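Everything on this sheet refers to the single structure shown next.
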Amino acid sequence: MEFAFSAEEERWRREVRAFLDAELPADKEFNHEFTEDEELWEFAREFTRKVGKKGWIGLTWPRAYGGLGRPLPERLIMAEEFARRDAPFVNMIGYGLAAGTLLIGGTEEQKHRFLPDIARFDTFWAEGLTEPGAGSDLASLTTRAVRDGGDWIINGQKTYTTWGHRADVMYLAARTDPDAPRHRGISIFCLDLTLPGVSFSRLDNLGGGRQNHTYLDDVRIPGDMLIGEVGKGWSYIMSAFYAAGGISARHSEIQRMLDAVVAYCETTVRRGRPLIEDPTVRSKLAELAMIVETERLLAYESLGDACNGRTPAFAGALGQVVHKENQPRFAQLVGQIVGPLGQLRTGSRWAPMGGDAEAWYRASYANHAGGTSQVKRMVLATRGLGLPR
Ligand SMILES: Cc1cc2nc3c(=O)[nH]c(=O)nc-3n(C[C@H](O)[C@H](O)[C@H](O)COP(=O)(O)OP(=O)(O)OC[C@H]3O[C@@H](n4cnc5c(N)ncnc54)[C@H](O)[C@@H]3O)c2cc1C
1010 MEFAFSAEEE RWRREVRAFL DAELPADKEF NHEFTEDEEL WEFAREFTRK
1060 VGKKGWIGLT WPRAYGGLGR PLPERLIMAE EFARRDAPFV NMIGYGLAAG
1110 TLLIGGTEEQ KHRFLPDIAR FDTFWAEGLT EPGAGSDLAS LTTRAVRDGG
1160 DWIINGQKTY TTWGHRADVM YLAARTDPDA PRHRGISIFC LDLTLPGVSF
1210 SRLDNLGGGR QNHTYLDDVR IPGDMLIGEV GKGWSYIMSA FYAAGGISAR
1260 HSEIQRMLDA VVAYCETTVR RGRPLIEDPT VRSKLAELAM IVETERLLAY
1310 ESLGDACNGR TPAFAGALGQ VVHKENQPRF AQLVGQIVGP LGQLRTGSRW
1360 APMGGDAEAW YRASYANHAG GTSQVKRMVL ATRGLGLPR
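Those letters in the sequence shown? Residues 1010 to 1398, per my numbering, in order.
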């Protein structure tokens, strides 16, 4: 067995790298999930529009809807290269969740109306799924959408709305039929966040980013802002990210982090010798490398499944559990390597790696996004292994 990309795919990788070399200065590489710096965000928007101009936002989507119809491995390669450089490629909810929903459930008219817009990054999307009383148990959501003539009237509260204060629209899950079984009474809407009745309050996270509470008070939206069919929201939410070509390249992100830790160990002297020569440090670096390789192989398996139309092993939950539980583990190991000074923040002259160790540690606990590892373990056990509930 050989894990290698084809010559054509490697050519594509070089093209992506050349784009990044030309468009992404080193001081603009940043994690946009945990940064609220306005100047960096301005850059992120401009950078993403340039990605859109190349046609790469909708790389794998059909050409008719603003895509380039390219094969899935190219999407993963692009994600790997973007992650390797910490490229601020924003609007994940737009090009992932919303685009996927449109591709699997949208009418022809909706696909032509929304997808080219997302492919250009004309509209920034936030995600409106979680509510104060509906997180892991998302199907118990109570935000209501009620028909009023040709419009819908929306009432309810969403929470944890990442990028809500920056976005133009929300991918909203609301209950349209309170009498239907829980999973069947939910529909998806595109909700304009500038409409009367929409307000936010801030919810700062430990990692340095901002989520929001979103309040929806008699918000009137036109009938044509329903996406797909009434009552099909649950199935769209469950399969949309994959439909839009979303395959995680986190292995590439943690490879970059590992490279930085190794460079630190090579250049830092403790008790008269470089850290890289310390056997305890070497053992921890080896553990970090194992985490990177495990996640790389799981991502490639996922790609193989998607390319060959195979049902993912363990209902796709194995990679998610490994990934979510590795996040804090990775940061803790880095903390043990750099030592107690690793608790110091960026800005302190004593902070190792410019404060990255401390920032990675705080951000590593944001692993509830997209569902907690406990819940993914439950999916693995019941749907993946067939164990009883
Ligand atoms: C950084 C971040 C960004 C996010 N961004 C968004 C966003 O943009 N839009 C959005 O809609 N949501 C967003 N979320 C919300 C995210 O989807 C929820 O946090 C997640 O689904 C868990 O829900 P909860 O926080 O209400 O936890 P709860 O569901 O209340 O869970 C609390 C604890 O109980 C455990 N638990 C719950 N049920 C079970 C069970 N049946 N078996 C075993 N254990 C269980 C959980 O694992 C967890 O440890 C974000 C969250 C984070 C942290």
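For every residue, glycine included, the Cβ atom is placed at its ideal position computed from N, Cα and C. Since this is a predicted model, take the numbers as computed values, not measurements.
Taking Cβ positions, are residue i and residue j nearer each other than 8 angstroms?
i, j, result
"residue 1344", "residue 1374", "no"
"residue 1188", "residue 1240", "no"
"residue 1111", "residue 1087", "no"
"residue 1300", "residue 1263", "yes"
"residue 1195", "residue 1182", "yes"
"residue 1191", "residue 1149", "yes"
"residue 1224", "residue 1107", "no"
"residue 1118", "residue 1029", "no"
"residue 1159", "residue 1249", "no"
"residue 1414", "residue 1216", "What the structure shows of the chain is the stretch from 1010 to 1398, and residue 1414 is not part of that stretch, so it cannot be assessed."
"residue 1294", "residue 1270", "yes"
"residue 1072", "residue 1130", "no"
"residue 1039", "residue 1309", "no"
"residue 1144", "residue 1151", "no"
"residue 1349", "residue 1376", "no"
Note down, in chain order, each residue of its chain lying with its Cβ closer than 7 angstroms to the Cβ of residue i, except the 5 sequence neighbours on either side.
i, result
"residue 1312", "1081, 1082, 1085, 1256"
"residue 1353", "1359, 1360, 1364, 1367"
"residue 1388", "1324, 1326"
"residue 1290", "1274, 1284, 1346"
"residue 1232", "1159, 1160, 1161"
"residue 1302", "none"
"residue 1214", "1220, 1375"
"residue 1021", "1083, 1086"
"residue 1018", "1082, 1083, 1086"
Locate the alpha helix (DSSP H) running through residue i, then write down its first and last residues.
i, result
"residue 1166", "From DSSP, residue 1166 is part of no alpha helix (DSSP H) but of the beta strand (DSSP E) over 1160 to 1167."
"residue 1260", "1259 to 1276"
"residue 1061", "1047 to 1062"
"residue 1388", "1382 to 1388"
"residue 1179", "Looking at the DSSP string, residue 1179 is not in any alpha helix (DSSP H); the run it does join, the beta strand (DSSP E), is 1178 to 1184."
"residue 1317", "1288 to 1317"
"residue 1225", "Residue 1225 -> not in any alpha helix (DSSP H); beta strand (DSSP E) instead, spanning 1219 to 1231."
"residue 1201", "Run containing residue 1201: none in the alpha helix (DSSP H); it sits in the beta strand (DSSP E), 1195 to 1201."
"residue 1114", "1108 to 1114"
"residue 1021", "1016 to 1032"
"residue 1136", "It is not in any alpha helix (DSSP H) - residue 1136 instead sits in the beta strand (DSSP E) that spans 1134 to 1137."
"residue 1368", "1365 to 1372"
"residue 1091", "1081 to 1093"
"residue 1252", "1242 to 1252"
Starting from residue i, trace the beta strand (DSSP E) in both directions and tell me its first and last residue.
i, result
"residue 1209", "1207 to 1213"
"residue 1339", "Element bounds for residue 1339: not the beta strand (DSSP E) but the alpha helix (DSSP H), 1326 to 1347."
"residue 1150", "Taken as a continuous stretch (DSSP letters only), residue 1150 belongs to no beta strand (DSSP E), as it is neither H nor E."
"residue 1126", "Looking at the DSSP string, residue 1126 is not in any beta strand (DSSP E); the run it does join, the alpha helix (DSSP H), is 1117 to 1129."
Is there a C-beta anywhere in chain C that falls below 8 angstroms from the one on residue i?
i, result
"residue 1267", "You won't find chain C in this structure, because it holds only one protein chain."
Report back the beta-carbon spacing between residue i and residue j to the nearest angstrom; my notes put them in contact at under 8 angstroms.
i, j, result
"residue 1064", "residue 1077", "5 angstroms"
"residue 1355", "residue 1368", "6 angstroms"
"residue 1177", "residue 1132", "5 angstroms"
"residue 1056", "residue 1097", "6 angstroms"
"residue 1136", "residue 1168", "Actually they do not touch by this definition, with Cβ atoms about 11 angstroms apart."
"residue 1140", "residue 1165", "7 angstroms"
"residue 1251", "residue 1347", "Actually they do not touch by this definition, with Cβ atoms about 37 angstroms apart."
"residue 1204", "residue 1228", "5 angstroms"
"residue 977", "residue 1197", "Given a span of 1010 to 1398 for the chain in the structure shown, any question on residue 977 remains unanswerable."
"residue 1202", "residue 1234", "That belief does not hold up - the Cβ atoms of residue 1202 and residue 1234 are roughly 12 angstroms apart, past 8 angstroms."
"residue 1074", "residue 1120", "5 angstroms"
Just to confirm my understanding: we take residue i, look at its own chain, exclude 5 residues before and 5 after, and list those with CB closer than 6 angstroms. What are they?
i, result
"residue 1226", "1206"
"residue 1297", "1267, 1342"
"residue 1093", "1261, 1265"
"residue 1314", "1321"
"residue 1041", "1053, 1097, 1099"
"residue 1161", "1154, 1230"
"residue 1127", "1103, 1104, 1108"
"residue 1340", "1369, 1370, 1373"
"residue 1398", "1391"
"residue 1208", "1224"
Near residue i, what residues of its chain come up, given a Cβ to Cβ distance below 8 angstroms and the 5 sequence neighbours on each side ignored?
i, result
"residue 1247", "none"
"residue 1035", "none"
"residue 1062", "1129"
"residue 1210", "1221, 1222, 1224"
| said: Check whether the segment 1329 to 1336 and the segment 1376 to 1391 are in contact - that is, three or more C-beta pairs closer than 8 angstroms. | reply: Three or more Cβ pairs closer than 8 angstroms define a contact, and the segment 1329 to 1336 meets that threshold against the segment 1376 to 1391.
| message | Is it the case that the segment 1214 to 1232 contacts the segment 1259 to 1275, given that we only count it when at least three CB pairs across the two stretches are under 8 angstroms? | response | Here the segment 1259 to 1275 makes no contact with the segment 1214 to 1232; the two share fewer than three CB pairs at distances below 8 angstroms.
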